[in-house]
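Heads up, the sequence shown is in numbering that gives the first Met the number 0, so the first residue is 0 and it goes up one at a time. Built from N, CA and C at the ideal position, the CB exists for glycine as well. One structure is given below, encoded as structure tokens.
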Amino acid sequence: MSLLDATHDPALRSWVTSANTPDTDFPVQNLPFGRFRRKGEGQQDTLRVGVAIGDQVLDLRLAAELCPWSNEVAPLLDPLAAGDLAAFMRLGRPAWRAVRAALSAALTADSEQGPFLESCLVPQADVQMAMPCEIGDYTDFYTSIHHATTVGKMFRPDNPLLPNYTWVPIGYHGRSSSIGVSGQLLRRPMGQVKLIDAAEPVLRASSRLDYELELGALMAHGNELGSRIGMDKAEDHIFGLVLFNDWSARDIQPWEYQPLGPFLSKNFGSTVSPWVVTLDALAPFRQPFVRAEGQPQPLPYLDSAHNREAGAISIELEVWLQTQKMQKAQHPGDRLAGSNYASAAYWTLAQLVAHHTVNGCNLRTGDLLGTGTLSGPEPGQGGSMLELGHGGRQALTLSSGELRSFIEDGDTVILRGHCMAEGARRIGFGECRGTVLPALT
Ligand code: CA
0 MSLLDATHDP ALRSWVTSAN TPDTDFPVQN LPFGRFRRKG EGQQDTLRVG VAIGDQVLDL
60 RLAAELCPWS NEVAPLLDPL AAGDLAAFMR LGRPAWRAVR AALSAALTAD SEQGPFLESC
120 LVPQADVQMA MPCEIGDYTD FYTSIHHATT VGKMFRPDNP LLPNYTWVPI GYHGRSSSIG
180 VSGQLLRRPM GQVKLIDAAE PVLRASSRLD YELELGALMA HGNELGSRIG MDKAEDHIFG
240 LVLFNDWSAR DIQPWEYQPL GPFLSKNFGS TVSPWVVTLD ALAPFRQPFV RAEGQPQPLP
300 YLDSAHNREA GAISIELEVW LQTQKMQKAQ HPGDRLAGSN YASAAYWTLA QLVAHHTVNG
360 CNLRTGDLLG TGTLSGPEPG QGGSMLELGH GGRQALTLSS GELRSFIEDG DTVILRGHCM
420 AEGARRIGFG ECRGTVLPAL T
């Protein structure tokens, strides 16, 4: 079954002219959803749901009110008009696809709906983005075998990749309360640190603060406790993807992580990008999922024909760092690394969902599944500073002349992502920014 339809046609152009520039993240083929307030509106004003188009946001409350829609589509817009993206996510893929088709037609050049929608646009520069929905439970996986091997070597030189890795999609339960949206200001965490040659740990501000380049999958609807989501249905439970920075304190982590896994080294903050790029928008960038020679094939509950044919998604990912000095000089920052989701990940999205529920665990609307740090196989494709700086032993020299082994106060970490494929229009994820503030000691 082809996942492609008229909304993916690379020839489509929009009457929103900024959506037609070749490097925009938000052409009419993308149509990602997010929640926003107009600048100047207060916390008491209800969040609105919008769709990014070029450098504008289409306000869906206004669009539902001011523009004529078909009888099929009008009721599907109700939750969006009410600012409730989670309620729209619960409607399921047929509804998402119907709305995507309607928005695509309405925003395409020469659409009869264009004149009604012009007054429903707000420049992105005039809005403040919020979390796309309330995040329920947050699970973080560990799907890059390259990240797992490099980091494993640092923690266990003789035994970098544990034998379960090639069989089990490894994950742990994180914390959702500290997940914030791009633009997040993050306090450097305090924690117990035990230096290798010290007899006892001390409480201090982390001096090895790091980012992790990840994607987050937003669950649209879940499953009953005690039931499973099979591979054939797994992708229908995912609404879309966001960029995800899983901030990590590398000096707190090694002292606390055994035997139960990461805890305070991770849960002090994570940042998501505000625009949810739907799986439907990502359809042209699908790739076969293949296991390298010599690697075991997944167990049957993690296997399907669709997963083998198109389970992977090619997404180019990047990490940028802008120091305070660069910011003052209006320098956009340095690109630290890049990787590709399809070649970084050992497990696909469908496999994460099938595995998470195989024991009957119930997922719910708004749950977020992190992919884990998406490092590629090559040097320069490390998805964390831990990897790029070889555990702090080799500082990076930035274009400003500054050195970095880990993230300093005032630094802004920016994640970006985009997709390109032959015969498809380039689409992007926008940005996921977070800035580190000094610790409260
Ligand atoms: Ca992580």
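Within the continuous alpha helix (DSSP H) that includes residue i, where are the two ends?
{"i": "Tyr340", "result": "340 to 343"}
{"i": "Ala80", "result": "77 to 80"}
{"i": "Gln257", "result": "Neither: Gln257 is in no alpha helix (DSSP H) and is coded neither H nor E."}
{"i": "Leu436", "result": "From DSSP, Leu436 is part of no alpha helix (DSSP H) but of the beta strand (DSSP E) over 426 to 436."}
{"i": "Gly221", "result": "Note, Gly221: premise wrong, no alpha helix (DSSP H); not H, not E."}
If you draw a straight line from the C-alpha of residue i to the C-alpha of residue j, how long is it?
{"i": "Asp527", "j": "Ala100", "result": "The requested residue 527 is not part of the displayed model; the chain covers only 0 to 440."}
{"i": "Ile314", "j": "Ala341", "result": "7 Å"}
{"i": "Tyr300", "j": "Cys360", "result": "15 Å"}
{"i": "Arg36", "j": "Ala5", "result": "31 Å"}
{"i": "Met419", "j": "Arg203", "result": "44 Å"}
{"i": "Ala51", "j": "Leu278", "result": "16 Å"}
{"i": "Leu242", "j": "Glu292", "result": "30 Å"}
{"i": "Ser205", "j": "Arg249", "result": "8 Å"}
{"i": "Asn158", "j": "Thr149", "result": "11 Å"}
{"i": "Gly427", "j": "Thr434", "result": "22 Å"}
{"i": "Gly239", "j": "Gln257", "result": "33 Å"}
{"i": "Leu320", "j": "Gln191", "result": "27 Å"}
{"i": "Met218", "j": "Phe284", "result": "20 Å"}
{"i": "Leu368", "j": "Asp139", "result": "6 Å"}
{"i": "Asn339", "j": "Val289", "result": "15 Å"}
{"i": "His305", "j": "Leu348", "result": "12 Å"}
{"i": "Asn266", "j": "Arg187", "result": "12 Å"}
{"i": "Gly429", "j": "Glu117", "result": "23 Å"}
{"i": "Asp196", "j": "Pro156", "result": "18 Å"}
{"i": "Val180", "j": "Leu102", "result": "25 Å"}
{"i": "Leu65", "j": "Gly310", "result": "39 Å"}
{"i": "Asp58", "j": "Val121", "result": "7 Å"}
{"i": "Pro162", "j": "Trp346", "result": "16 Å"}
{"i": "Leu439", "j": "Leu263", "result": "15 Å"}
{"i": "Ala124", "j": "Gln286", "result": "35 Å"}
Within a Cβ cutoff of 8 Å, which residues of the same chain sit near residue i, ignoring the five residues on either side of it in sequence?
{"i": "Arg34", "result": "Leu46, Arg47, Val48, Gly49, Gly82, Leu84, Met128, Ala129, Met130, Pro131, Cys132, Pro273"}
{"i": "Val126", "result": "Phe35, Arg36, Arg37, Lys38, Gly49, Val56"}
{"i": "Leu387", "result": "Leu335, Ala336, Gly379, Gly381, Leu395"}
{"i": "Arg96", "result": "Asp4, Asp279"}
{"i": "Gly151", "result": "Asn158, Pro159, Leu160, Leu161"}
{"i": "Ser69", "result": "Ala101"}
In chain order, what residues of the same chain have a beta carbon less than 7 Å from the beta carbon of residue i, not counting five sequence neighbours either side?
{"i": "Lys324", "result": "Ser399, Glu401"}
{"i": "Ser110", "result": "Trp14, Ala104"}
{"i": "Ala147", "result": "Tyr141, Leu160, Tyr164"}
{"i": "Leu224", "result": "Gly359, Asn361"}
{"i": "Pro261", "result": "Tyr171, Gln252"}
{"i": "Thr356", "result": "Asn222, Arg227, Ile228, Leu362"}
{"i": "Ile406", "result": "Leu208, Asp209, Tyr210, Met384, Val412, Val435"}
{"i": "Pro168", "result": "Phe140, Thr142, Trp346, Gln350, Leu351, His354"}
Can you name, in chain order, every residue of its own chain whose Cβ lies under 6 Å from the Cβ of residue i, other than the five neighbours on each side?
{"i": "Arg12", "result": "Asn19, Ala108"}
{"i": "Leu2", "result": "Ala282"}
{"i": "Met153", "result": "Gly390"}
{"i": "Ser383", "result": "Asp209, Glu211, Thr372"}
{"i": "Asp333", "result": "Leu320, Leu397, Ser398"}
{"i": "Asp366", "result": "Gly135, Asp136, Met218"}
{"i": "Asp77", "result": "none"}
{"i": "Ile144", "result": "Tyr345"}
By DSSP's criteria, residue i is part of a beta bridge. Which residues make up the other side?
{"i": "Ala204", "result": "Met189"}
{"i": "Met128", "result": "Phe35"}
{"i": "Trp319", "result": "Arg334, Ile413"}
{"i": "Ser143", "result": "Ala344"}
{"i": "Asn244", "result": "Leu212, Thr270"}
{"i": "Ala62", "result": "In DSSP, Ala62 forms no bridge with anything."}
{"i": "Pro122", "result": "Gln55"}
{"i": "Ile312", "result": "Arg285"}
{"i": "Thr277", "result": "Gly239"}
Could you tell me the boundaries of the beta strand (DSSP E) in which residue i lies?
{"i": "Ala216", "result": "212 to 218"}
{"i": "Val56", "result": "55 to 58"}
{"i": "Leu368", "result": "367 to 369"}
{"i": "His172", "result": "170 to 172"}
{"i": "Val98", "result": "Where Val98 is concerned, there is no enclosing beta strand (DSSP E), although the alpha helix (DSSP H) it sits in stretches over 92 to 106."}
{"i": "Gly182", "result": "Element bounds for Gly182: n/a, residue is neither H nor E."}
Taking the Cβ atom as the reference point for each residue, do residue i and residue j lie within a distance shorter than 8 Å?
{"i": "Leu436", "j": "Leu184", "result": "yes"}
{"i": "Thr322", "j": "Gly409", "result": "yes"}
{"i": "Gln350", "j": "Pro297", "result": "yes"}
{"i": "Tyr210", "j": "Val412", "result": "yes"}
{"i": "Gly182", "j": "Arg432", "result": "yes"}
{"i": "Ala62", "j": "Cys119", "result": "yes"}
{"i": "Arg415", "j": "Glu308", "result": "no"}
{"i": "Asp231", "j": "Ser175", "result": "no"}
{"i": "Trp246", "j": "Gly215", "result": "no"}
{"i": "Ala343", "j": "Ser374", "result": "yes"}
{"i": "His442", "j": "Thr364", "result": "This structure gives no information on residue 442, because the portion of the chain shown stretches from 0 to 440."}
Consider the Cβ of residue i: report whether some Cβ of chain C lies at a distance smaller than 8 Å.
{"i": "Gly422", "result": "This model lacks chain C altogether, as it is built from one protein chain only."}
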